Amino acid sequence: MIDQVQAALDAADDWLCDHLVHAEPLRGDSPGEYLFRCKVFNELAFYVQWRSRLACPEKSPVHAIRRHILAHARGDYLELAARDPRRVLIFCSAVGYALGHGALSNGDARLARWILSPGFAWNTEWVPNRQLDLLQSRRLGGLGELMDVASVVAASSVAWPPSPFLADREAYYAFTHSVYYSWLLGQLPAECGGHSALAIEGGLCRALHEGDIDLAYELFAAAALHGLGPGPGQRNLLRRTLPSLMEEGAVHAPANTKDEAMAAFVASRAGERAWAERFHVTLVAALGLACALYRGQAHDMEEAHNDAATVDVVGAMFSSFHGRRWKAGLHAAERMLRDGVPGWSGNVFREGLGVFLTCAMDGEGVPHGLVEERMAFRRLSPGGGFEQSILEPLQRHYRVVADLLATPCAGKLAAG
1 MIDQVQAALD AADDWLCDHL VHAEPLRGDS PGEYLFRCKV FNELAFYVQW RSRLACPEKS
61 PVHAIRRHIL AHARGDYLEL AARDPRRVLI FCSAVGYALG HGALSNGDAR LARWILSPGF
121 AWNTEWVPNR QLDLLQSRRL GGLGELMDVA SVVAASSVAW PPSPFLADRE AYYAFTHSVY
181 YSWLLGQLPA ECGGHSALAI EGGLCRALHE GDIDLAYELF AAAALHGLGP GPGQRNLLRR
241 TLPSLMEEGA VHAPANTKDE AMAAFVASRA GERAWAERFH VTLVAALGLA CALYRGQAHD
301 MEEAHNDAAT VDVVGAMFSS FHGRRWKAGL HAAERMLRDG VPGWSGNVFR EGLGVFLTCA
361 MDGEGVPHGL VEERMAFRRL SPGGGFEQSI LEPLQRHYRV VADLLATPCA GKLAAG
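Position 121 of the sequence shown, counted from 1, bears residue number 121 in UniProt numbering, the numbering being contiguous throughout.
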């Protein structure tokens, strides 16, 4: 498996290198076009600093990406970066990288320091993971720290990770990015606690169930940084994506429909849709694979015979509860507990489910917050019957799940 992961990483590096022509930051006739290219360019700068931090062996595609960054992160590019502090995050990695490598003229270096200064970059509201992004860019550029990094990490989602039962996609991206920058800044906790393990492996199963390969690879990288041993979600993700990576160097996955920058770009450059839709997920996959290899997490990634079924059931459970589909969630939870999930992930899922149900439902199995459902039922059925039609079936499912949770050796969990 290690050889396959290395081959996939090499192919992804080649693909990224082959598409550098699209990542010329000032190329384009409209803001929607050139700002997307700037975003892609900045992500490549983040990727090469990541590779340096991992101490990966230097290969020609990565060298080519480095040269591309240093050749373009100057002059008018810096002027564009200095135009609006609200857009600084699509420039800061490249600006810090160029500044730190001494590749700028004196005038450009002064402008780069201004872009990363509190006088410019901090003139809009930043949540902790964005603060960490800017702080890492300043460190990369050889600038002093503006604030205590440990305090920012303590206020970020690394301190209290998102719940796969409740968190939306944006909360998960805030978490993964907080993990990345905390690690780059040397502030990621050495131990992966239960909340982080549930967030990562549970979120990964949910993302795979929903076909969100981009988020799945973000979480795969976070798992490797945390030293989280391979679970069913991590192994299943590799089974799904390594063949296309090794063959073509890119990940085939549905486009992120919420990426407004990419949507604006494709609207103006429809002929470049294919690479634009594959770029970010391929870069994140390469990032995750590099991390797994050089953090020693690529071993034992061969998929177990029941991983696909586990991901399907567990992912359905998290996805259903997240969408407030209580009956489907309880049904999937029952299947998970009866079939069992061997290993550490099974224990994490089981414990997380127990905590969630205790908080999200009353002791009789009635979910909290059913106000809107009651109102809708009354409009459709003025004669009543909400308890008999909706609540009683839920309570029956809940009692089955509660009994299974109360049984220490339910299903095959003990096998792990």
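Cβ atoms here follow ideal geometry from the backbone N, Cα and C, with glycine treated the same way.
Given the structure is predicted, the values throughout are model-derived calculations rather than measurements.
Annotated three-state conformation of Met-1 is coil, per DSSP. Look at the segment 199-242 and you find these whole runs of alpha helix (DSSP H), each 4 residues long or longer: 203-209 and 213-226.
By the neighbour-count definition (other C-beta atoms within 10 Å, threshold 16), Gln-388 is an exposed residue. Judged by their CB atoms, Ala-12 and Leu-245 are nearer to each other than the 8 Å cut-off. Gly-194 has its alpha-carbon roughly 21 Å from the corresponding atom of Met-301. In its chain, beyond the 5 residues on either side, Arg-138 have a beta carbon closer than 8 Å to the beta carbon of Gly-144. Setting aside the 5 residues that flank it on each side, Pro-162 is surrounded in the same chain by Ala-171, Tyr-172, Phe-175 and Ala-199, each with a C-beta closer than 6 Å to its C-beta; the list follows chain order. Cα atoms of Lys-59 and Pro-367: separation of roughly 54 Å, rounded to the nearest angstrom. The bridge partners DSSP lists for Pro-367 are Met-361. Distances from the CA of Val-251 to each of Tyr-398, Trp-15 and Asp-148 were compared; the closest alpha carbon is that of Trp-15. Per the coordinates, the alpha-carbon of Val-5 lies some 46 Å from the alpha-carbon of Asp-362. Considering only Gly-100, His-22, Ala-64 and Ala-308, the residue with the shortest C-alpha distance to Val-341 is Ala-308. Taking C-beta separations shorter than 6 Å and ignoring five residues to either side along the sequence, the partners of Pro-164 in its chain run Gly-202, Gly-203, Arg-206 and Phe-318, following chain order. The distance from the Cβ of Ala-45 to that of Ser-93 is about 4 Å, consistent with a contact at the 8 Å cut-off. By the neighbour-count criterion, in which 16 or more other beta carbons inside 10 Å mark a residue as buried, His-226 falls on the buried side. In summary, Ser-151 is exposed, with fewer than 16 beta-carbon neighbours lying within 10 Å of its beta-carbon over all protein chains present. By the beta-carbon neighbour count (other beta carbons within 10 angstroms, threshold 16), Arg-240 is buried. Assigned with DSSP and collapsed to three states, Cys-17 falls in helix. If you ignore the 5 residues before and after Leu-9, its C-beta comes within less than 7 Å of the C-beta of Ala-286, Leu-289, Ala-290 and Leu-293, all in its own chain and listed in chain order. DSSP places Leu-104 in the coil class of the three-state scheme, outside both helix and strand.
By the 16-neighbour rule on beta-carbons within 10 angstroms, Trp-160 is exposed. Within the same chain, and ignoring the five residues on either side of Gly-352 in sequence, the residues whose Cβ sits closer than 7 Å to its Cβ are Leu-198 and Gly-202. If you compare the alpha carbons of Leu-135, Pro-254, His-331 and Gln-234 with that of Glu-210, the shortest gap goes to Pro-254. Within the same chain, and ignoring the five residues on either side of Gln-131 in sequence, the residues whose Cβ sits closer than 7 Å to its Cβ are Val-152.
Looking only at Phe-41, Val-40, Asn-42 and Arg-66, the smallest Cα-Cα distance to Ser-52 is reached by Arg-66. When secondary structure is reduced to three states using DSSP, Pro-128 falls in the helix class. About 6 Å separates the Cβ atoms of Phe-349 and Val-314, confirming a contact at the 8 Å cut-off. When only Cα atoms are considered, Arg-110 and Val-95 end up about 11 Å apart. Contact between Val-400 and Glu-334 holds: CB atoms are separated by about 6 Å, below the 8 Å threshold. The C-alpha of Asp-214 is placed about 26 Å away from the C-alpha of Ala-190. Pro-61 has its alpha-carbon roughly 20 Å from the corresponding atom of Ala-103. Put simply, of Pro-85, Asp-108 and Arg-396 the residue whose alpha carbon is nearest the alpha carbon of Leu-78 is Asp-108. Judged by their CB atoms, Leu-70 and His-19 are not nearer to each other than the 8 Å cut-off. For Asn-306, the secondary structure class from DSSP, reduced to helix, strand or coil, is coil.
For Met-147, the secondary structure class from DSSP, reduced to helix, strand or coil, is coil. Here Asp-168 is exposed: its Cβ has fewer than 16 other Cβ atoms, across all protein chains shown, within 10 Å.
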